[in-house]
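To keep things clear, I will list the structure first and then write my remarks on it.
2 protein chains.
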Amino acid sequence: MTYFCEHDAPSTKTKMKFSCFLPCDVAEIDSAIIWLSGLTCTEENFITKAGAQNHLKKTKTMIICPDTSPRGLDIPGADEDYDFGTGASFYVNATTDAYKTNYQMDDYVVKDLINLLKDDFGADKISITGHSMGGHGALTLGLRNPDIFRSVSAFSPIVNPINCPWGQKALAGYLGADKENWKEYDACELLKEHKHQCAILIDQGLDDNFYPEQLLTDNFVKAAKDHGQEIVVNKRAGYDHSYYFIASFIKNHIDFHLKALR
Amino acid sequence: MTYFCEHDAPSTKTKMKFSCFLPCDVAEIDSAIIWLSGLTCTEENFITKAGAQNHLKKTKTMIICPDTSPRGLDIPGADEDYDFGTGASFYVNATTDAYKTNYQMDDYVVKDLINLLKDDFGADKISITGHSMGGHGALTLGLRNPDIFRSVSAFSPIVNPINCPWGQKALAGYLGADKENWKEYDACELLKEHKHQCAILIDQGLDDNFYPEQLLTDNFVKAAKDHGQEIVVNKRAGYDHSYYFIASFIKNHIDFHLKALR
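So the sequences go chain by chain: F and Y.
Heads up, the final residue of the first sequence is numbered 262 in our numbering, and it's a clean run with no missing numbers.
Heads up, the final residue of the second sequence is numbered 262 in our numbering, and it's a clean run with no missing numbers.
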C-alpha cells in the first residue's frame, strides 16, 4: 500500500512529509530504499510517476520518499527560485544564518529517516537512490555513510556541484562563500577520501537538457577511476531528464538494491 | 517514446490535446489502445502515472490518451464544477445550446481520433479502455461501435449514469431534461440492444470512495447477465479510485487488449 505521512523531524525542527510504499505488512518489512527527489519535487513525484511499486511486489523491501526541503518557513527569498530554498535543499546541513536552523537535510535523512525506518518500520537494511539533486544527495550521503547505506545509485545526478551553476548557487547559499566547506557535499571530491564497498550505479539520459553542463557525469567517471571506486554508468540514448526516463529504468535500480539488501 | 500533441479537431471545432506512447517507430505501429480519463483529468494523468509504457514494450501497439473535454471556450458555468463542463465531457455529443457546438466528444473519439490513428499512425486495429467517467466512455462507445473497437475494458467505470448523481447532472446538462435521450450514453441501457463480441473486462476497487453510489458496478453485472453480454469483473479488496489502483492492474488490461488486437 502507498502512504502519505507527516512527522515531526528533530533535525529540521519542522514537520516533514514523506511518501512510502509497503509491499507487505509492516511486521514483515526488513529493508528499505530511500529515494531522494530533484529540484521542485515533493514527496509525491516519484511515488506517483515512477511505477516502482510493481517492481517491489512480493519483497520485504519498502521505499520511502521524503520531501525535498522543509516548507512554510517564511525565510526571506526561500520561495523565489526553483533551484534554491523551498524544494531545493540539496540535502546539506546548512550553516548560513537564514538556513541553519531548519535546513539540516543531511541529518534529516541520515538520522531522522534512518531512525524512523529502523524503529517504526523494522527496516534494518537500507539503500539509497535519487534523481538529479536527489541523485547528488544519494551519492554524497551514500559515500560518506557506507556503514548505513548498503548500496547507492542515482538517475541523472549532479555529481560535481562545486563546478556547476545549480550547485555553486545552492552551496554558497547554504554553506557560505568558503568553497572548502562545499567539498563534503560534492560526490567527485568525496571520492578522494571515501569509498563505497559496492559498485555505484548511475543512469544518465543523453537527451537530457541539463547534460552535461549541470550534471557533469564524466567528472564522476574520471574521479571514480582515479580513486578506485567501482561504478556502473549507463548512458541512455534518446532519454531526457524526466520521470519517463526514471520509469523506464527503475526496475534495474530496484533489482540492484534488492540484491545488496538480501 | 511518449509524446504530447495538439491538433485541430473537426468534431469539437477546437484544438484538442492528447498524449501518446509509441513503443516502436511509427512505421511499425499496427494497433492502438485508446485510454479515456476521468473527471478533472487531462491528457497527462494516465501517461505519467499508470506505468502503461513498460507493458507495451516490444509490441506494435500504441496508446493514446485524449484530454477529457474541449478547453478555453468561456462557456458560462463550464469552469465552476469539477463534475461538469471543462474536464468532464462524459464523452457525449451534447445537444444543449451552450455545449452542442463544441462538446462533441463522442464524435471526437469515434471519428477524429480513429481517423488520426488510422491515417497518421497506421493503427488499423483499435481497442478502448478508461477510468471512471472514462470507463463510462469506453463502455458506451465500445458497446455502440463493436466494429470499431476490438475490445473494451474499464477501471472503476460509471456504468449506469442515468441512476447516479454524477451522471444525472452531466447528462441533463449536455442532453437536456428528456431522460429518453440519456439512454444511448448509459452502459446498462445499451446492453438491451447492443452487445460486444468480446468479454468486457472491468476492475473495481472495493475501498473506492465512489463505490457503489456513483459507479453502480452491480447494475452492469445484472444487465450483462440479463442480456447475455460476457463480462469479467474483478472486485479488488483494499484498492481505491486512484491511479495507484490503475497502475496495479493496468498490465492485465493491456494484456487483455493485446490479445484482442493480435
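C-beta: ideal position from N, C-alpha, C; glycine also.
Query: Contact with chain Y by GLY205 of chain F, beta-carbon distance below 8 Å; Result: no
Query: Beta strand (DSSP E) segment containing ASP8 of chain Y, residue limits; Result: 2 to 9
Query: Buried or exposed (CB count within 10 angstroms, at least 16 for buried), LEU206 of chain Y; Result: exposed
Query: Meets three-Cβ-pair contact criterion under 8 Å: the region 14 to 21 of chain F and the region 44 to 54 of chain F; Result: yes
Query: Supposed close pair SER151 of chain Y, HIS257 of chain Y - CB separation, criterion 8 Å; Result: 5 Å
Query: Minimum Cβ-Cβ distance from ASN252 of chain Y to chain F less than 8 Å; Result: no
Query: Distance between TYR3 of chain F and THR12 of chain F (C-alpha atoms, nearest Å); Result: 22 Å
Query: Rounded straight-line distance, which links the Cα of SER153 of chain Y to that of TYR108 of chain F; Result: 45 Å
Query: Touch test, the region 194 to 213 of chain Y against the region 118 to 125 of chain Y, Cβ-Cβ under 8 Å, three pairs minimum; Result: no
Query: Cross-chain neighbours of ALA247 of chain Y in chain A, by beta carbon under 8 Å; Result: Looking at the structure shown, chain A is missing, and the protein chains on hand are F and Y.
Query: Validate contact between the region 222 to 240 of chain Y and the region 161 to 179 of chain Y using beta carbons, cut 8 Å, 3 pairs; Result: no
Query: 7 Å Cβ shell around ASP67 of chain Y - same chain, five flanking residues per side excluded; Result: MET16, LYS17, PHE18, THR42, GLU43
Query: Sufficient close CB pairs (3 or more, under 8 Å) joining the region 32 to 40 of chain Y to the region 108 to 120 of chain Y; Result: yes
Query: Within-8 Å CB hit, TYR82 of chain F to chain Y; Result: no
Query: Contact set between THR86 of chain F and chain Y, taken where Cβ atoms lie within less than 8 Å; Result: Simply none; closest approach about 23 Å.
Query: Alpha-carbon to alpha-carbon, TYR244 of chain Y and VAL221 of chain Y; Result: 24 Å
Query: Neighbour flag for THR129 of chain Y against chain F, beta carbons, 8 Å; Result: no
Query: Positions along the region 232 to 243 of chain Y whose CB lies within less than 9 Å of some CB in chain F; Result: GLY238, SER242, TYR243
Query: Distance CB(ALA187 of chain Y)-CB(THR140 of chain Y) smaller than 8 Å; Result: yes
Query: ALA94 of chain F versus ILE202 of chain F: straight-line alpha-carbon distance, rounded; Result: 26 Å
Query: CB contact below 8 Å: THR42 of chain Y versus chain F; Result: no
Query: Given CYS5 of chain F as reference, the closest of F:GLY72, F:ALA88, F:LEU116 once Cα atoms are compared; Result: F:LEU116
Query: Close beta carbons around ASN96 of chain Y, own chain, < 8 Å, minus the five adjacent residues each side; Result: Going by the sequence as given, residue 96 of chain Y is Thr instead of Asn. Cβ neighbours of THR96 of chain Y beyond the five flanking positions: GLY173, TYR174, LEU175, GLY176.
Query: Pick from Y:PRO70, Y:ILE64, Y:LYS58, Y:ILE246 that is closest to ASP8 of chain Y, judged by C-alpha positions; Result: Y:PRO70
Query: Beta carbon proximity, THR140 of chain F to chain Y, threshold 8 Å; Result: no
Query: Cβ of CYS59 of chain F within 8 Å of any chain Y Cβ; Result: Rather than Cys, the amino acid found at residue 59 of chain F in this sequence is Thr. No, its Cβ sits nowhere closer than 8 Å to a Cβ of chain Y.
Query: Neighbouring residues, chain F, relative to THR2 of chain Y (Cβ below 8 Å); Result: TYR244
Query: CA nearest to the CA of TYR211 of chain Y, picked from Y:CYS198, Y:GLY238, Y:GLN197, Y:HIS194; Result: Y:GLY238
Query: Minimum Cβ-Cβ distance from THR48 of chain Y to chain F less than 8 Å; Result: yes
Query: Where ALA78 of chain Y falls, given that 16 or more other Cβ within 10 Å makes a residue buried; Result: buried
Query: 8 Å CB neighbourhood of GLN197 of chain Y in its chain, flanking five on each side removed; Result: PRO146
Query: Contact test: LEU191 of chain F Cβ vs the ligand ADP heavy atom, cutoff 7 Å; Result: Ligands in the displayed structure: none, and consequently the ligand ADP is not present.
Query: Own chain residues within Cβ distance below 8 Å of TYR103 of chain Y, not counting five before or after; Result: THR12, SER69, PRO70, SER89, VAL92, ASN93, ALA94, TYR174
Query: 8 Å contact criterion, which LEU190 of chain Y and GLU184 of chain Y should meet: CB distance rounded; Result: 7 Å
Query: Cβ neighbours of GLY134 of chain Y in the same chain (closer than 6 Å, five flanking residues each side left out); Result: LEU36, SER37, GLY38
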